[in-house]
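Spelled out as structure tokens, the structure:
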């Protein structure tokens, strides 16, 4: 058989065709350096603002109900266990379905999945706001999480289409990390205001209104984004771009190019349909794990209420890994986690989100139960957390100098200083200056850590795995608070018990437990900060998954 003409097979002189419909024709082979088709939205800043605002709302919905819970309990007459499900229900559905949501974005197109997710999220929020009883409220809360699991990874997958230029995209991703981290803080701040001045139902009404605005504006502001491409010969195939003419987010040589045949090997994400078995195992495993860890708040670690779901989750997630290593179209290609930088960045995301949620939890209880703050005053005390999304632009300018891993390590180190100051709590500690300064320092550090970790996870991701990357990153953000709070609550309870046994009064024992847990969190931050620096200097070779 005659050997194919390499020049002809590698570069075919036809008008450029993008990975999704709607691209304007241009010179043969013309495309942005990033590999994304030249179909950027007409107003990139507005498009990014729309996506970022929705991401902020999705994360804020977690903590937006915190101050509303006593009012819900009073109106519906439910117990503490039922009330905990209102908080946990959103996170269980959100965390459990994020990987599947990310893969759906890769398969069906991120804009379509984003709009579907926002529609489900908005409808569920409206149902919760109008719920006449507890059962509908709980069902709506779970549905909220399902919609968020579709919208969050799809939104992140659309960012590269908004900013195809690598430098602008890196800055946008750094800002995105700050928005994600600031969402939880924003929910805390807004929660007390809504409950005090309006009604608990507005904790669900605000997200519903946000969803209406986003769905109305999405068709005008958003492109379809990178979509699943077919196999075979790419009409504008060249050796400088990845699957379907789409380069990795950070540029580079495609891993699936068969130069001899002038074709590309079809990525696992593009063949064989969606990995339904893997999706079910991941969703049930993550949801079961979160449920078991949440149960530690009311049960001991060695009780059946905790051990049974945790062990079941280990079995389900082990089965998930086994399935993913054998199917042709895995939900989570294990090679995606082969990059040391990406793995450390995900660990940093889990730690950052867990530390922020736990510190907010402990301080909210301390301020109200020990210091006597009202719910509104306690919410206002977290105003420094508003700095988390605001440091995103400043953090973006540090990415070229420090690299994403270095920026993450710096952020964690600064945040550890803030947590260390919080660990000096006593029953008589005033809000100013110690707590105020500590929260400001922590917020600045956490904002940089979120920004750096987001860029580190996304920087080398191929375009056809953008939804997957968004799903994995958001899963880390959702699992972090559950795991972190469960572990730190156990440490706090252990320390409180020992102090009580030593004769300390209730306020001193409780505060001592909180301080001990916050100190442990600060130590964990320092350890992972060191890992980030190590990954930066001796990171494994970049992989594209």
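Residue numbers (the numbering used here): -14 to 530.
For every residue, glycine included, the Cβ atom is placed at its ideal position computed from N, Cα and C.
task: Less than 8 angstroms between the CB atoms is what I'm expecting for residue 291 and residue 173, so what's the real figure, rounded?
output: That pair is no contact at about 27 angstroms.
query: Would you call the segment 391 to 405 and the segment 455 to 462 in contact, with 3 or more CB pairs under 8 angstroms?
result: Taking 8 angstroms as the limit for Cβ pairs, the verdict is that the segment 455 to 462 does not touch the segment 391 to 405.
message: Do residue 426 and residue 443 have their beta-carbon atoms positioned less than 8 angstroms apart in this structure?
response: Cβ distance not < 8 angstroms, so residue 443 and residue 426 don't count as in contact.
- prompt: Comparing alpha-carbon positions, which option in 188, 321 and 371 lies nearest residue 432?
  reply: Nearest C-alpha to residue 432: 371.
message: I need the DSSP call for residue -10, collapsed to helix, strand or coil.
response: Low confidence applies to residue -10: its pLDDT is 45, below 50, so where it sits in the model is not reliable, and the reading given next is rough at best. In the three-state reduction of the DSSP assignment, residue -10 falls in the coil class, being assigned neither a helical nor a strand state.
Residue environment, residue 324, which counts as buried when at least 16 other CB atoms sit within 10 Å: Under this definition residue 324 is a buried residue.
task: Quick one: measure Cβ to Cβ for residue 63 and residue 119, integer angstroms, because I've assumed they're closer than 8 angstroms.
output: Indeed, because the Cβ distance is near 5 angstroms, the residues count as touching under 8 angstroms.
At least three beta-carbon pairs within less than 8 angstroms, the segment 504 to 521 to the segment 333 to 341: With a cut-off of 8 angstroms, the segment 333 to 341 and the segment 504 to 521 count as touching, because enough Cβ pairs lie within range.
query: Which whole-angstrom value is the C-beta distance of residue 45 and residue 190, which I expect to be below 8 angstroms?
result: With a contact defined as Cβ atoms closer than 8 angstroms, residue 45 and residue 190 miss out at about 13 angstroms.
message: What would DSSP say about residue 435, mapped onto helix, strand or coil?
response: Here residue 435 sits in helix by DSSP.
- request: Helix, strand or coil for residue 305, going by three-state DSSP, please let me know.
  value: Residue 305 falls in the helix class under three-state DSSP.
query: In terms of alpha-carbon separation, which member of 140, 146 and 105 lies closest to residue 129?
result: It is 105.
field: Burial state of residue 281, where buried means 16 or more other Cβ atoms lie within 10 Å
entry: Buried, by the Cβ-count rule.
- prompt: Anyone know if the C-beta pair for residue 275 and residue 467 falls short of 8 angstroms?
  reply: Yes, Cβ-Cβ distance for residue 275 and residue 467 is below 8 angstroms.
Residue 183 to residue 58 span [Cα, whole Å]: The straight-line gap separating the alpha-carbon atoms of residue 183 and residue 58 is approximately 17 angstroms.
- request: Quick one: which unbroken beta strand (DSSP E) runs of 3-plus residues sit fully inside the segment 161 to 208? Chain order, please.
  value: Within the segment 161 to 208, complete beta strand (DSSP E) segments of at least 3 residues are not found at all.
message: Suppose you measure from the CA of residue 311 to the CA of residue 294; what does that come to, to the nearest Å?
response: Those two C-alpha atoms are separated by around 26 angstroms.
Whole-angstrom C-beta distance between residue 469 and residue 340, which should lie under 8 angstroms: The pair is a contact, with the Cβ atoms about 6 angstroms apart (cut-off 8 angstroms).
- prompt: Using a Cβ-Cβ cut-off of 8 angstroms (strictly less than) and excluding sequence neighbours within five positions of residue 512, which residues of its own chain qualify?
  reply: Counting only Cβ-Cβ distances below 8 angstroms, and skipping sequence neighbours, we find nothing.
query: Quick one: Cα of residue 327 to Cα of residue 440, how far?
result: Residue 327 and residue 440: Cα-Cα distance of roughly 9 angstroms.
message: For residue 502, which residues in the same chain have their Cβ closer than 6 angstroms to its Cβ, ignoring the five residues on either side in sequence?
response: 473, 476 and 477, listed in sequence order.
- prompt: Beta-carbon of residue 501 versus every beta-carbon of chain C: anything under 8 angstroms?
  reply: The chain labelled as chain C is not found in the depicted structure, where only one protein chain is given.
task: Can you tell me which of 132, 176 and 486 puts its alpha carbon nearest to the alpha carbon of residue 54?
output: Comparing Cα-Cα distances from residue 54 to each of 132, 176 and 486, the minimum goes to 176.
message: If distances are taken between C-alpha atoms only, which option among 385, 301, 416 and 498 comes closest to residue 357?
response: Nearest option by C-alpha distance: 416.
- request: Go ahead and label residue 185 buried or exposed: buried means 16 or more other beta carbons lie within 10 angstroms of its beta carbon, across all protein chains shown.
  value: Flag for residue 185 reads buried.
- prompt: Does the Cβ-Cβ distance between residue 380 and residue 159 come in under 8 angstroms?
  reply: Yes, these two residues count as a Cβ contact at 8 angstroms.
Assigned secondary structure, residue 62 (DSSP; H/G/I helix, E/B strand, else coil): In the three-state DSSP reduction, residue 62 falls in the coil class, being neither helix nor strand.
message: Please report the distance separating the alpha-carbon of residue 153 from that of residue 203.
response: If you take the alpha carbons of residue 153 and residue 203, they lie about 21 angstroms apart.
query: Would you call residue 487 buried or exposed, if buried means 16 or more other Cβ atoms sit within 10 Å of its Cβ?
result: With a 10 Å radius around the Cβ and a threshold of 16 neighbouring Cβ atoms, residue 487 comes out exposed.
- prompt: Buried or exposed: which applies to residue 279, given that a residue is buried once 16 or more other Cβ atoms fall within 10 Å of its Cβ?
  reply: Buried, by the Cβ-count rule.
message: Among the candidates 342, 85, 482 and 489, whose CA atom is the shortest distance from the CA of residue 267?
response: Ranked by Cα distance from residue 267, the options 342, 85, 482 and 489 are led by 85.
query: For residue 91, is the classification buried or exposed, using 16 other Cβ atoms within 10 angstroms of its Cβ as the cut-off for buried?
result: Answer is buried; the Cβ neighbour count reaches 16.
task: Determine the contact status of residue 136 and residue 43, defining contact as a CB-CB distance below 8 angstroms.
output: Taking C-beta atoms as the reference points, residue 136 and residue 43 count as a pair closer than 8 angstroms.
message: Rounded to the nearest angstrom, what separates residue 114 and residue 205 at their Cα positions?
response: C-alpha of residue 114 to C-alpha of residue 205: approximately 28 angstroms in a straight line.
- prompt: Could you give the C-beta distance for residue 180 and residue 103, rounded to a whole number, given that I count them as a contact under 8 angstroms?
  reply: Not quite, the Cβ-Cβ distance comes to about 25 angstroms (not below 8 angstroms), so this is no contact.
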